[in-house]
DNA sequence: CATCCTTGTTGACACTGTCAAGATAGGCTA
DNA sequence: TAGCCTATCTTGACAGTGTCAACAAGGATG
């Protein structure tokens, strides 16, 4: 019995749409995974649910991903990339000097975390970064680290432009990027994990607080 | 058949050692949980393993904890308390002004995270903070939040002392504590999750980097 | 003593990740 | 065209999981 008479969309279209039975399952699985993570949290994601959401049997994913971790990894890379794109957009959009850009990017970081909490938490699953060798400085080996490195580059570029323009104090730009990242990421974590979405400070807008916090750092790195 | 002829240690000793069959299982389960988390990570913790490690049947824990999350919660509270104690010790030990104390406490925070990575990660499981109402400012409702609040108080106290002594710029002390926490916690996360225990910056000691990063913040809050 | 309630046990259930083996179908050589 | 190959997907099975229900043990209390 031909149980799976999948909709025959774009069967022989000249478009990329290759793939055998499904169209391309791999992408469908990744987006299903993100959808599930958004709705039920990272722990609510099961291979079987992903498969069901994509309309395939519970074992189909194993032909595209080594194991559950590999699905999570692919979903994470997708989320990180989306976040970096959003920050890059802010970087371009913001008028003003490099310090203004750093603040805007920090706010965007926090906004993304608040709007996509489950996806943001996905980025912090340490089990996704198992690659044996290679550190931040070296060549990243896991896809997740590779994606993260893009974000770091974006920031580094901004800081160095600021240093060249005399807006940011000279010195170790890596350190400044690290401090920015720690602060912003730390705040996003705080908002998400410790306050049920509300900031510590009563009724103030978390994004406003994020701006103030980054400003505090900027006060420390600004060239006087 | 009396299968469980537990060692009869302190059966009728006048010490606290109350409890019915086991001695006191609750504490044994918590410490077993921490041991397992340390060895196999948070995801390696299963109720059945905890029970086995404590030498009881797979369902015994349910008489002390509502569900798996409750065990994790208790273990987390224990870890948070230990970390705060370590920071408090640094606060007292450090000679120098409040800025020095803040730096020392930040380094201690990172040291704890590096030395107890699994326990540290435990503190960031959002599913442990389910309490319905109550924010940082209000009365914390979950045990984990209550424990965290102690750490916040410790920092707040340090910052306010510094402000009173004219070492730290006046203003919103809550905000400064928040910035400190975000930065330090963000860095600890970075070291643990993104670099396999090694800092971004080549071969430098993570604790040294932690010191520099907090110093960057301190530069921003110091009263000039 | 008998009784109760806390603590612990065994047994069962649905659900999980993953392995193994079979089915399907497009692309290949002949 | 026929027939095989291989990637893809399915069904079936297994051990391990969290949790519920029912039962047993044994201090506490009368």
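Residue numbers (this note's numbering), protein chains in the order written: chain A, 58 to 281; chain B, 58 to 281.
Heads up, the beta-carbon is just placed ideally off N, CA and C, and yes, glycines get one too.
Listed along chain A, the residues sitting closer than 7 Å to residue 276 of chain B by beta-carbon distance are 277. Close CB contacts of residue 118 of chain A within its chain, under the 7 Å cut and outside five residues either way in sequence, are with 86, 104, 107, 108, 128 (chain order). Of all residues in the segment 217-244 of chain A, only 229, 231, 232, 233, 234, 235, 236, 238, 239, 240, 241, 242, 243, 244 place a beta-carbon less than 9 Å from a beta-carbon of chain B. For residue 232 of chain A, the enclosing alpha helix (DSSP H) stretches over residues 230-246.
Secondary structure of residue 279 of chain A (DSSP, three-state): strand.
Between residue 147 of chain B and residue 89 of chain A, the alpha-carbon positions lie close to 48 Å from each other. When C-beta distances to chain B are compared with 9 Å, every residue of the segment 135-150 of chain A stays at or above that value. Distance from the CA of residue 173 of chain A to the CA of residue 96 of chain A, rounded to the nearest whole angstrom, comes to 10 Å. For residue 215 of chain B, the enclosing alpha helix (DSSP H) starts and ends at 200-221. Note: residue 266 of chain B is not bridge-paired with any residue in the DSSP secondary-structure output.
Taking 8 Å as the cut-off, the beta carbon of residue 91 of chain A is found closer than this to the beta carbon of residue 136 of chain A. The segment 202-214 of chain A makes no contact with the segment 202-218 of chain B: fewer than 3 CB pairs, one atom from each, lie closer than 8 Å.
In summary, residue 247 of chain B is buried, with 16 or more beta-carbon neighbours lying within 10 Å of its beta-carbon over all protein chains present.
Look at the segment 97-168 of chain A and you find these whole runs of alpha helix (DSSP H), each 4 residues long or longer: 104-111, 125-150. The CB of residue 247 of chain A comes closer than 8 Å to the CB of 235, 238, 239, 242 in chain B, given here in chain order. In the DSSP assignment, residue 178 of chain A falls within the unbroken alpha helix (DSSP H) covering 174-179.
An exposed status is given to residue 126 of chain A, since fewer than 16 other beta-carbon atoms sit within 10 Å of its beta-carbon. With contacts defined by Cβ atoms closer than 8 Å, residue 271 of chain B and residue 241 of chain B form a contacting pair. If you draw a straight line from the Cα of residue 144 of chain B to the Cα of residue 237 of chain B, it comes to about 13 Å.
Residue 277 of chain A is not a Cβ neighbour of residue 229 of chain B, given a cutoff of 8 Å. Residue A:226 holds the alpha-carbon nearest to the alpha-carbon of residue 273 of chain B among A:245, A:266, A:226, A:263.
Nearest C-alpha to residue 181 of chain A among A:232, A:223, A:245: A:245. The C-beta of residue 269 of chain A comes closer than 8 Å to at least one C-beta of chain B. At a C-beta separation below 8 Å, residue 273 of chain B has these neighbours in chain A: 232, 233, 236, 274, 277, 278.
Residue pairing by DSSP leaves residue 171 of chain A without any beta bridge partner.
Comparing C-alpha distances from residue 222 of chain B to each of B:232, B:203, B:154, B:132 shows the shortest one belongs to B:154.
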